[in-house]
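In our numbering, the protein residues as written are 6 to 523.
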């Protein structure tokens with residue numbers, strides 16, 4: 006536990022090519038309220054004799070080591086700027102996975118959401134003049150360096166070297182919400198973050214984020230206007246609620262990812278709601294009691310494996326869903342974006358197995374007080390169809406009907422599962438039968454979310470053909486089995502024939518989703 010009266014430690018991570026000198030004013034600006042601890046990157050500044058990092062994971066590991074050694078028993082805050090924010094984010098995740106006490110807050114400054122990419126893409130053929138011009142445009146180059154040709158080339162080389170780390174970075178969707186509150190510091194005149202949205206950080210951290218927007222500020226607000234940055238962040242860093250408008254210009258203070266009820270307007274997410282939904286995900290996947298999986302061709306071992314269960318790569322013997330925690334997190338993200346943005350329509354899952362994901366959809370509506378939407382659960386409730394000679398050859402090759410002793414769950418059992426959670430009511434509707442028969446005549450007026458879990462080409466195409474015309478702009482399509490070749494083929498064929506070019510985003514290496522924009 007932190008010692009009462011001891012200032013919290015503020016770990017500060019500089020930008021690409023930067024050193025701890027970037028934070029030289031911060032200790033004075035914060036006085037004795039926080040102990041400012043800038044962390045030098047390997048190969049930079051006071052650690053220039055060391056080998057530089059080979060990737061963001063190595064940098065995050067190094068930072069996590071420093072924090073674990075110096076914040077043990079102390080209250081601490083983590084702040085990263087630009088690429089330093091990406092390193093800080095990954096270090097916070099590492100420490101959470103290892104059970105280290107969470108930061109009082111994570112602050113990410115001037116950094117695009119990690120799932121969206123990062124900054125300019127340079128390769129060995131990019132001329133130095135292009136890199137130097139970019140840095141001058143950002144305003145990151147001290148005047149004495151800009152005037153010195155050799156110094157400028159050296160600085161550009163450092164930045165180019167660090168840019169390799171972000172180029173090679175591979176985003177991992179979160180398995181669970183980050184255990185620290187998060188603030189995003191955003192300059193609305195920053196060319197690095199301009200193509201992105203600050204609120205999309207909520208997807209990366211799995212929870213609502215506070216956004217501090219500085220009007221007219223560029224990429225280096227943190228260093229060029231340190232007093233303004235500290236004024237903006239003081240409440241977050243010290244754990245106080247934000248009050249008023251800090252000096253140095255107007256700022257927008259918003260909370261992203263906090264959906265309201267049926268209107269979709271933003272509101273604070275109650276801790277009880279978060280706890281309920283988190284517990285429900287763990288219960289539906291049964292990571293609590295760890296039921297053994299049913300043996301399968303790809304997972305013959307019948308012992309419980311937490312990695313496989315979290316990733317949705319086994320067939321649970323008892324759990325009510327097999328999609329894993331990451332894909333349930335994605336469902337929650339999509340639903341809460343729909344509610345926050347006020348996208349009209351119901352939710353449907355095509356292929357529900359024991360009903361777990363549909364149950365979670367109904368729970369999300371209950372948790373957020375939504376009474377004017379329905380959850381539709383479409384399934385044969387007797388397993389997969391046997392594919393005849395007229396069917397898709399890839400579907401026939403899979404022979405999924407041979408698994409119907411596992412895949413076929415009667416409607417009565419699925420209804421009973423809904424009932425066990427207290428979620429079987431008139432906001433739940435069932436569509437029993439083959440998709441080709443039930444979906445064309447389903448009495449659904451509009452949809453905000455389609456979650457497709459039919460595995461096969463024909464099943465996926467039936468769902469897209471009959472349901473996508475009812476999907477509202479701003480609604481989501483989630484494809485659980487995108488990794489399966491025939492499923493992916495159906496998705497691409499449908500999108501191509503309908504001129505759909507909305508970005509398909511990975512969920513966990515297995516499922517994928519996109520948001521309808523027109």
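Idealized CB from N, CA, C, for every residue including glycine. The model shown is predicted, which means the values in this text are computed figures rather than measured ones.
With a threshold of 16 other beta carbon atoms within 10 Å, residue 323 falls short and is exposed. For residue 384, the uninterrupted beta strand (DSSP E) segment begins and ends at 380 to 384. For the options 289, 170, 313 and 90, the alpha carbon positioned closest to that of residue 300 is the one of 313. The continuous alpha helix (DSSP H) containing residue 88 extends over residues 88 to 102. Along the stretch 328 to 395, the alpha helix (DSSP H) occurs as fully enclosed runs of 4 or more residues at 329 to 346 and 361 to 372, listed in sequence order. Annotation note: the stretch 164 to 251 contains the following uninterrupted alpha helix (DSSP H) runs of length 4 or greater, listed N- to C-terminal: 206 to 210, 226 to 229 and 231 to 243. Excluding residues up to 5 positions away in sequence, 372 and 373 lie with their Cβ nearer than 8 Å to the Cβ of residue 278 in the same chain. If you draw a 10 Å sphere on the C-beta of residue 370, you find 16 or more other C-beta atoms in it, and that means buried. Taking 4 residues as the minimum length, the alpha helix (DSSP H) runs contained wholly in the stretch 437 to 462 are 440 to 443, in order along the chain. By the neighbour-count criterion, in which a residue is buried when 16 or more other Cβ atoms sit within 10 angstroms of its Cβ, residue 294 is exposed. Shown here for residue 435: same chain residues with a beta carbon closer than 7 Å to its own, the five before and five after excluded, namely 382 and 416 in chain order. For the stretch 476 to 506, the full-length beta strand (DSSP E) segments reaching 3 residues or more read 476 to 484 along the chain. The DSSP-derived three-state label of residue 58 is coil.
Close CB contacts of residue 390 within its chain, under the 7 Å cut and outside five residues either way in sequence, are with 406 and 439 (chain order).
Judged by pairs of C-beta atoms under 8 Å, the stretch 421 to 432 does not touch the stretch 442 to 462, as fewer than three such pairs exist.
Secondary structure at residue 434: strand, using DSSP grouped into helix, strand and coil.
According to the DSSP secondary-structure assignment, residue 420 is paired through a beta bridge with no residue. The beta carbon of residue 409 is closer than 8 Å to those of 387, 388 and 389 in its chain, skipping five residues each way along the sequence. Using a Cβ distance threshold of 8 Å, residue 120 and residue 176 count as a contacting pair. Here the stretch 206 to 214 makes no contact with the stretch 68 to 82; the two share fewer than three CB pairs at distances below 8 Å. Its Cα nearest to that of residue 184, the residue 111 stands out among 111, 234 and 358.
Excluding the 5 residues flanking it on each side, residue 18 has same chain C-beta neighbours closer than 6 Å at 44, 85, 89, 92 and 93, in chain order. The C-beta of residue 502 has fewer than 16 other C-beta atoms within 10 Å across all chains shown, which makes the residue exposed.
Looking at the DSSP output, residue 41 shares a beta bridge with 15.
Residue 171 and residue 118 have their C-alpha atoms some 12 Å from each other.
Of the candidates 352, 399 and 109, the residue whose Cα lies closest to the Cα of residue 432 is 352.
By alpha-carbon distance to residue 339, the top candidate from 316, 25, 510 and 67 is 510. By a beta-carbon distance limit of 8 Å, residue 457 does not contact residue 522. Their separation comes to about 19 Å. The beta-bridge partner set that DSSP reports for residue 111 consists of 83 and 187. Under DSSP, residue 31 shares a beta bridge with no residue. Between residue 67 and residue 47, the CB-CB gap stays under 8 Å. Residue pairing by DSSP places residue 511 opposite 517 in a beta bridge. Ranked by how close their Cα comes to the Cα of residue 479, the residues 357, 199, 333 and 520 have 520 in first place. Sixteen is the threshold: since fewer than 16 other Cβ atoms of the shown chains lie within 10 Å of the Cβ of residue 103, the residue is exposed.
Counting other Cβ atoms within 10 Å of its Cβ, residue 506 stays below 16 and is therefore classed as exposed. In this structure, residue 192 lies near residue 223, with their beta-carbon atoms less than 8 Å apart.
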